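Notes follow the structure.
Residue numbers (my numbering): 482 to 663.
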């Protein structure tokens, strides 16, 4: 009987560990946005002690009821907390191209529901509002794709995430949604 009890307790502990690990990403996604929202409201302050990222903008899409705080960089670890600006591109709401990336299974899942014509509003930490209209979407191979701006466009915003949206494995495919300044 003792063996059966020890086995049951061990199995329960293992289940709790596996459950906690599987919940860590969704918990970070929700907690991160709450902390980043507070830091955004404080003018882009440090969201938590020792954080190596800062909030730079709020991305919102009224039709989809989306409101996300965007961080100053898109890194693998950082994107567990929220979407970020891809290195080498401009800050959202500024002239030029800004690329925002995030995980397909949390913050950027809304890209599967976005439509041509949707309005994306960017609010920077200094209160500047900029609106973009979605012009289209494409699936690209990340090893062969690099962002470029239509020379006629004054400012553009690309939002990207892994493809397919319901995928479980890492692939080189990315969903890119393009939007131009209104």
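Cβ atoms here follow ideal geometry from the backbone N, Cα and C, with glycine treated the same way. For clarity, every value in this text was computed on a predicted model and none was experimentally measured.
query, result
"Nearest neighbour of residue 524, chosen from 608, 510 and 580 [CA to CA]", "608"
"Counted within 10 angstroms of its Cβ, other Cβ atoms place residue 514 as buried (16 or more) or exposed", "buried"
"Residue 577, enclosing beta strand (DSSP E) - first and last residue", "577-582"
"Those residues which DSSP pairs with residue 459 across a bridge", "For residue 459 there is no data in the structure shown, the boundaries of the chain being 482 and 663."
"Helix, strand or coil at residue 654 [DSSP, three-state]", "strand"
"Given residue 520 as reference, the closest of 537, 587, 638 and 662 once Cα atoms are compared", "537"
"Residues that residue 602 bridges to, as DSSP identifies them", "541 and 612"
"At least 3 beta-carbon pairs within less than 8 Å: the stretch 549-569 vs the stretch 607-624", "no"
"Beta strand (DSSP E) segment containing residue 642, residue limits", "636-643"
"Whole-angstrom C-beta distance between residue 584 and residue 642, which should lie under 8 Å", "7 Å"
"Residue 581 versus residue 486 - alpha carbon distance", "51 Å"
"Proximity of residue 616 and residue 568 at Cβ, strictly below 8 Å", "no"
"Residues sharing a beta bridge with residue 547, DSSP", "542"
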